[in-house]
Amino acid sequence: DQQVKQNSPSLSVQEGRISILNCDYTNSMFDYFLWYKKYPAEGPTFLISISSIKDKNEDGRFTVFLNKSAKHLSLHIVPSQPGDSAVYFCAAIEFGGSQGNLIFGKGTKLSVKP
Amino acid sequence: DAGVIQSPRHEVTEMGQEVTLRCKPISGHNSLFWYRQTMMRGLELLIYFNNNVPIDDSGMPEDRFSAKMPNASFSTLKIQPSEPRDSAVYFCASSFLVYSNYGYTFGSGTRLTVV
């Protein structure tokens, strides 16, 4: 059973507009949520994270929103740039949990068109 | 820092052959993770080490898979015998802590094809 779900396999956005990537989770014990970006033939790279006690974290063009009651988080990219085209993975971790590791969603492929 | 280094980048082998994937973590990181990426299952954890000791290998699919970390700067993932369904991209990642809100640093992966 997937604990972290990204229900949209792909998203296409025009350059300069907002990209919104969504993620749902089932485990209410997760302590941190992270977003990774992955280019072809490269490993995932850390982008931004948010603590479960926060509802928003911002870093430049990237903002992550957390809605704990809905068990939902989203990544907003404003403005979107062609270089943002990549696969975005949502991940979650429970500190001290039995799994003790990052649990990933299956990813959303973002295409930003010039 | 050169980051997490994996070798080889690509591996094509015949069914039944032994395959060894290698990983050099970032110096100073004491946690190392092996992940596998497939279309069906996404990124899934196979095994992780803390201070060179295997902590959780529950993700290792079968006895055909084994992993070792003989020292802080080297780890191997071995598949013997390999099967076509093992074809995937295998990532190694390292971290200073097992539980980190900055996640892990990943290598570029090894794309394994078993024919």
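In order, the protein sequences belong to chains A and B. So for the first sequence, our numbering puts the first residue at 18; every next one is plus one. So for the second sequence, our numbering puts the first residue at 1107; every next one is plus one. Positions of the beta carbon are idealized from the N, C-alpha and C atoms, including for glycine.
Taking a cut-off of 8 Å on C-beta distances, the stretch 1110 to 1124 of chain B does not touch the stretch 1145 to 1163 of chain B, as fewer than three cross pairs fall below it. Residue-level contact check: residue 66 (chain A) touches chain B, since one or more beta carbons of chain B fall below 8 Å from its beta carbon. Per the Cβ contact rule, the stretch 36 to 52 of chain A is in contact with the stretch 77 to 91 of chain A (3 or more Cβ pairs under 8 Å). For residue 73 (chain A), the enclosing beta strand (DSSP E) stretches over residues 73 to 76. The residue from B:1190, B:1135 and B:1175 with its alpha-carbon nearest to that of residue 1183 (chain B) is B:1175. Under the three-pair Cβ rule at 8 Å, the stretch 1187 to 1205 of chain B counts as touching the stretch 1137 to 1147 of chain B.
Boundaries for residue 44 (chain A): no beta strand (DSSP E) harbours it, and the DSSP string shows neither H nor E there. Straight-line spacing of the CA atoms in residue 69 (chain A) and residue 120 (chain A) works out to 15 Å. For residue 1135 (chain B), no beta strand (DSSP E) segment is defined, and its DSSP state is neither H nor E. The bridge partners DSSP lists for residue 1152 (chain B) come to none. Residues of the stretch 1124 to 1149 of chain B with a C-beta less than 7 Å from any C-beta of chain A: 1139, 1148 and 1149, listed in chain order. With its beta carbon at least 8 Å from every one in chain B, residue 57 (chain A) lies outside the interface. At least one CB atom of chain B sits nearer than 8 Å to the CB of residue 123 (chain A). Within a 10 Å sphere around the beta-carbon of residue 1117 (chain B) sit 16 or more other beta-carbons, which makes this residue buried. Counting the other Cβ atoms within 10 Å of the Cβ of residue 130 (chain A) gives fewer than 16, which makes it exposed.
DSSP places residue 84 (chain A) inside the beta strand (DSSP E), whose first and last residues are 79 to 84. Within chain B, the residues whose beta carbon sits less than 7 Å from that of residue 108 (chain A) are 1209, listed in sequence order. Excluding residues up to 5 positions away in sequence, 93, 94, 95, 96 and 97 lie with their Cβ nearer than 8 Å to the Cβ of residue 35 (chain A) in the same chain. Residue 55 (chain A) is bridged by DSSP to A:104. Neighbourhood of residue 1196 (chain B) in chain A, by CB distance below 7 Å: empty, with the nearest CB roughly 11 Å away. Residue contact check for residue 47 (chain A) against chain B: no CB pair falls below 8 Å.
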